[in-house]
Amino acid sequence: MPTHRDAYDAELIDEMVKYTHAAYQGRADQIPLWHETFVVAAALIASARSALHIVDYGGGVGSAFAQLLPALPGDVQVRYLVVDMPDVCDAGRQLFNSDDRIRFSTELPQGGQPPDLVYVNAVLQYLDDYGDRLGDLAALKAPWILFSRLSAWDGPRFATQQVNLPGRQFASWFVNVGEVSEALASHGYRPACDCVSEKRHPADLPETHRVDRLRTMLFVRNPG
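Structure (C-alpha coordinates):
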(Lines of atoms letter the chains of each structure in order from A and count residues from 1; the text may use other names and numbers.)
(Lines give C-alpha, C1' and ligand atoms only; values in the text may rest on other atoms or scores of the structure.)
Protein backbone atom coordinates (compact mmCIF):
# COMPACT_ATOMS: atom_id res chain seq x y z
CA MET A 1 0.00 0.00 0.00
CA PRO A 2 1.29 3.55 -0.60
CA THR A 3 2.58 5.33 2.49
CA HIS A 4 4.72 8.06 0.93
CA ARG A 5 3.30 11.54 1.49
CA ASP A 6 4.91 14.77 0.31
CA ALA A 7 4.21 17.98 2.20
CA TYR A 8 2.40 20.79 0.48
CA ASP A 9 4.85 22.95 -1.42
CA ALA A 10 4.88 26.74 -1.54
CA GLU A 11 3.08 26.90 -4.89
CA LEU A 12 0.12 24.87 -3.63
CA ILE A 13 -0.09 26.86 -0.40
CA ASP A 14 -0.06 30.08 -2.42
CA GLU A 15 -3.01 28.76 -4.43
CA MET A 16 -4.87 27.98 -1.20
CA VAL A 17 -4.19 31.50 0.04
CA LYS A 18 -5.41 32.98 -3.25
CA TYR A 19 -8.87 31.41 -3.25
CA THR A 20 -9.29 31.80 0.51
CA HIS A 21 -8.49 35.51 0.27
CA ALA A 22 -11.05 35.78 -2.55
CA ALA A 23 -13.71 34.24 -0.29
CA TYR A 24 -12.70 36.50 2.59
CA GLN A 25 -13.14 39.51 0.33
CA GLY A 26 -16.59 38.34 -0.74
CA ARG A 27 -15.58 37.27 -4.26
CA ALA A 28 -17.24 33.86 -4.12
CA ASP A 29 -17.59 33.72 -7.90
CA GLN A 30 -13.82 33.31 -8.18
CA ILE A 31 -13.36 30.36 -5.83
CA PRO A 32 -14.43 26.71 -5.47
CA LEU A 33 -17.10 26.47 -2.75
CA TRP A 34 -16.41 23.30 -0.77
CA HIS A 35 -17.93 24.04 2.61
CA GLU A 36 -21.67 24.40 1.98
CA THR A 37 -22.70 21.63 4.39
CA PHE A 38 -20.45 23.00 7.11
CA VAL A 39 -21.80 26.53 6.68
CA VAL A 40 -25.39 25.32 7.06
CA ALA A 41 -24.56 23.20 10.14
CA ALA A 42 -22.65 26.05 11.80
CA ALA A 43 -25.39 28.56 11.01
CA LEU A 44 -28.01 26.28 12.59
CA ILE A 45 -25.93 26.07 15.77
CA ALA A 46 -25.38 29.85 15.79
CA SER A 47 -29.10 30.52 15.36
CA ALA A 48 -29.72 29.47 18.96
CA ARG A 49 -26.95 31.56 20.48
CA SER A 50 -24.84 34.65 19.95
CA ALA A 51 -21.48 32.84 19.85
CA LEU A 52 -19.95 30.07 17.75
CA HIS A 53 -16.82 28.07 18.56
CA ILE A 54 -15.36 25.89 15.78
CA VAL A 55 -12.36 23.57 15.57
CA ASP A 56 -11.44 22.92 11.93
CA TYR A 57 -9.09 19.94 11.80
CA GLY A 58 -6.98 20.02 8.64
CA GLY A 59 -8.55 23.36 7.73
CA GLY A 60 -5.70 24.61 5.57
CA VAL A 61 -5.34 28.39 5.51
CA GLY A 62 -8.93 28.99 6.65
CA SER A 63 -11.10 28.67 3.55
CA ALA A 64 -14.09 27.37 5.53
CA PHE A 65 -13.83 30.32 7.93
CA ALA A 66 -13.83 32.71 4.98
CA GLN A 67 -16.88 31.03 3.48
CA LEU A 68 -18.70 30.93 6.83
CA LEU A 69 -18.47 34.58 7.83
CA PRO A 70 -20.84 36.14 5.26
CA ALA A 71 -23.46 33.46 5.98
CA LEU A 72 -23.82 34.41 9.66
CA PRO A 73 -25.66 37.33 11.26
CA GLY A 74 -23.24 40.12 12.07
CA ASP A 75 -23.79 39.87 15.82
CA VAL A 76 -22.54 36.27 16.12
CA GLN A 77 -19.22 36.12 17.95
CA VAL A 78 -16.99 33.61 16.16
CA ARG A 79 -14.05 31.73 17.68
CA TYR A 80 -12.37 29.61 15.04
CA LEU A 81 -9.34 27.34 15.41
CA VAL A 82 -7.63 25.75 12.41
CA VAL A 83 -5.32 22.79 13.12
CA ASP A 84 -2.91 21.92 10.32
CA MET A 85 0.76 21.57 9.34
CA PRO A 86 3.26 24.28 10.36
CA ASP A 87 3.82 25.82 6.92
CA VAL A 88 0.08 25.93 6.23
CA CYS A 89 -0.57 27.53 9.62
CA ASP A 90 2.08 30.16 8.96
CA ALA A 91 0.39 31.09 5.67
CA GLY A 92 -3.00 31.27 7.38
CA ARG A 93 -1.68 33.53 10.13
CA GLN A 94 -0.28 35.92 7.55
CA LEU A 95 -3.54 35.94 5.61
CA PHE A 96 -5.70 36.67 8.67
CA ASN A 97 -3.16 38.62 10.71
CA SER A 98 -5.66 41.39 11.51
CA ASP A 99 -8.63 39.14 12.34
CA ASP A 100 -8.62 37.91 15.93
CA ARG A 101 -11.61 35.61 15.36
CA ILE A 102 -9.38 32.93 13.79
CA ARG A 103 -6.29 31.20 15.16
CA PHE A 104 -3.97 28.52 13.77
CA SER A 105 -2.22 25.68 15.58
CA THR A 106 -0.36 22.49 14.77
CA GLU A 107 -1.98 20.72 17.72
CA LEU A 108 -5.50 20.05 18.88
CA PRO A 109 -6.46 21.99 22.01
CA GLN A 110 -6.14 20.31 25.37
CA GLY A 111 -8.87 20.97 27.91
CA GLY A 112 -10.89 24.13 28.03
CA GLN A 113 -14.43 24.72 26.85
CA PRO A 114 -15.59 22.19 24.23
CA PRO A 115 -16.16 23.65 20.77
CA ASP A 116 -19.67 23.75 19.34
CA LEU A 117 -18.60 21.84 16.24
CA VAL A 118 -15.54 19.94 15.03
CA TYR A 119 -15.18 20.11 11.26
CA VAL A 120 -13.09 17.58 9.30
CA ASN A 121 -13.11 18.22 5.55
CA ALA A 122 -11.31 15.81 3.20
CA VAL A 123 -8.78 14.83 5.87
CA LEU A 124 -9.31 11.27 7.16
CA GLN A 125 -8.23 9.78 3.85
CA TYR A 126 -4.71 11.15 4.39
CA LEU A 127 -4.19 9.71 7.88
CA ASP A 128 -2.61 6.28 8.29
CA ASP A 129 -3.63 6.36 11.97
CA TYR A 130 -7.09 7.78 11.44
CA GLY A 131 -8.59 5.56 14.15
CA ASP A 132 -6.40 7.14 16.82
CA ARG A 133 -7.16 10.59 15.44
CA LEU A 134 -10.89 9.98 15.74
CA GLY A 135 -10.31 9.43 19.44
CA ASP A 136 -8.40 12.70 19.68
CA LEU A 137 -11.23 14.57 17.96
CA ALA A 138 -13.86 12.94 20.17
CA ALA A 139 -11.85 13.95 23.25
CA LEU A 140 -12.70 17.58 22.47
CA LYS A 141 -16.28 16.68 23.53
CA ALA A 142 -17.96 18.85 20.93
CA PRO A 143 -21.71 18.26 20.61
CA TRP A 144 -21.23 17.73 16.86
CA ILE A 145 -18.51 16.32 14.59
CA LEU A 146 -18.93 16.82 10.85
CA PHE A 147 -16.96 14.90 8.21
CA SER A 148 -17.25 16.33 4.71
CA ARG A 149 -15.83 15.19 1.35
CA LEU A 150 -14.95 11.88 2.96
CA SER A 151 -13.62 8.99 0.89
CA ALA A 152 -15.64 6.22 2.49
CA TRP A 153 -17.55 3.10 1.49
CA ASP A 154 -19.10 -0.05 2.95
CA GLY A 155 -16.22 -2.35 2.00
CA PRO A 156 -12.85 -2.97 3.69
CA ARG A 157 -10.43 -0.10 4.09
CA PHE A 158 -7.90 0.25 1.27
CA ALA A 159 -5.38 2.77 -0.01
CA THR A 160 -4.47 4.23 -3.37
CA GLN A 161 -1.87 6.71 -4.48
CA GLN A 162 -3.13 10.20 -5.29
CA VAL A 163 -1.13 11.63 -8.18
CA ASN A 164 -3.35 14.41 -9.54
CA LEU A 165 -1.12 17.15 -8.10
CA PRO A 166 1.94 17.59 -10.35
CA GLY A 167 5.18 16.64 -8.63
CA ARG A 168 3.45 15.36 -5.48
CA GLN A 169 2.23 11.97 -4.32
CA PHE A 170 -0.13 11.22 -1.45
CA ALA A 171 -1.32 8.02 0.14
CA SER A 172 -5.12 8.26 -0.02
CA TRP A 173 -7.24 5.91 2.09
CA PHE A 174 -10.80 4.82 1.43
CA VAL A 175 -12.14 4.24 4.93
CA ASN A 176 -14.93 1.91 6.00
CA VAL A 177 -18.11 3.70 7.09
CA GLY A 178 -18.82 1.16 9.82
CA GLU A 179 -15.34 1.51 11.29
CA VAL A 180 -15.73 5.27 11.56
CA SER A 181 -19.10 4.90 13.28
CA GLU A 182 -17.83 2.21 15.66
CA ALA A 183 -14.75 4.23 16.60
CA LEU A 184 -16.82 7.28 17.46
CA ALA A 185 -19.47 5.17 19.23
CA SER A 186 -16.77 4.01 21.64
CA HIS A 187 -16.31 7.68 22.58
CA GLY A 188 -19.99 8.45 23.03
CA TYR A 189 -21.07 9.60 19.56
CA ARG A 190 -23.84 8.33 17.31
CA PRO A 191 -24.56 9.05 13.63
CA ALA A 192 -27.00 11.87 12.95
CA CYS A 193 -26.59 11.92 9.16
CA ASP A 194 -24.81 9.73 6.61
CA CYS A 195 -25.24 10.62 2.96
CA VAL A 196 -23.37 10.68 -0.31
CA SER A 197 -22.30 14.00 -1.75
CA GLU A 198 -23.15 15.50 -5.09
CA LYS A 199 -19.40 15.64 -5.71
CA ARG A 200 -18.06 12.63 -7.59
CA HIS A 201 -14.83 11.02 -6.46
CA PRO A 202 -12.07 11.71 -9.01
CA ALA A 203 -10.24 8.40 -8.56
CA ASP A 204 -10.34 5.87 -11.40
CA LEU A 205 -10.86 2.65 -9.44
CA PRO A 206 -11.48 -0.95 -10.50
CA GLU A 207 -15.07 -2.15 -10.39
CA THR A 208 -14.47 -4.18 -7.21
CA HIS A 209 -13.47 -1.01 -5.31
CA ARG A 210 -15.56 1.62 -7.07
CA VAL A 211 -16.40 4.64 -4.91
CA ASP A 212 -18.33 7.01 -7.12
CA ARG A 213 -19.18 9.78 -4.68
CA LEU A 214 -17.70 11.46 -1.65
CA ARG A 215 -19.55 11.18 1.64
CA THR A 216 -20.86 13.45 4.40
CA MET A 217 -21.18 12.09 7.94
CA LEU A 218 -22.47 14.06 10.94
CA PHE A 219 -22.15 12.69 14.48
CA VAL A 220 -23.85 13.90 17.65
CA ARG A 221 -22.49 13.39 21.16
CA ASN A 222 -24.67 11.39 23.51
CA PRO A 223 -25.85 13.35 26.56
CA GLY A 224 -24.10 12.75 29.83
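If you count the sequence shown from 1, position 34 lands on 36 in the working numbering, and the numbers rise without skipping. All C-beta atoms, glycine included, are put in the ideal place defined by N, C-alpha and C.
DSSP state of His-55 mapped onto helix, strand, coil: Looking at His-55 - three-state DSSP - the assignment turns out to be strand.
Quick check on this structure: which residue in Tyr-128, Pro-116, Leu-152 has the alpha carbon closest to the alpha carbon of Leu-142? Residue Pro-116 is the option with its Cα nearest to Leu-142.
Of all the beta strand (DSSP E) runs that stay within the bounds of the segment 115-199, which reach a length of 3 or more residues? Correct list: 119-123, 146-152, 160-164, 172-178.
Can you find the residues in the same chain that come closer than 6 Å, C-beta to C-beta, to Asp-196, ignoring five residues on each side of it along the sequence? Correct list, in chain order: Met-219.
On the three-pair Cβ rule with 8 Å, is the segment 174-192 touching the segment 121-136? These segments touch.
Extent of the continuous beta strand (DSSP E) to which Thr-218 belongs: Secondary structure note for Thr-218: its beta strand (DSSP E) is the uninterrupted segment 215-223.
On the criterion of 16 or more Cβ atoms from any shown chain inside 10 Å, does Gly-137 qualify as buried, or is it exposed? With fewer than 16 other Cβ atoms inside 10 Å of its own Cβ, Gly-137 counts as exposed.
Take the Cβ of Arg-103 as the centre, count every other Cβ of all protein chains shown within 10 Å, and call the residue buried at 16 or more, exposed below. Arg-103 is exposed by the Cβ-count criterion.
Tell me the residue span of the alpha helix (DSSP H) that contains Arg-105. Bounds of any alpha helix (DSSP H) do not take in Arg-105; it lies within the beta strand (DSSP E) bounded by 104-107.
What's the call for Ser-49, buried or exposed, on a 16-neighbour Cβ count within 10 Å? By the neighbour-count rule (16 or more Cβ atoms within 10 Å), Ser-49 is not buried but exposed.
Gln-96 in three-state terms, based on DSSP: Helix.
Which first and last residues belong to the alpha helix (DSSP H) in which Leu-46 is found? Element bounds for Leu-46: 38-48.
Identity of the residues DSSP links to Leu-83 by a beta bridge: Under the DSSP definition of a beta bridge, Leu-83 partners with Val-57, Arg-105.
Does the count of Cβ pairs from the segment 64-76 and the segment 40-49 closer than 8 Å reach three? Look at the beta carbons and you see the segment 64-76 touching the segment 40-49: at least three pairs across the two are nearer than 8 Å.
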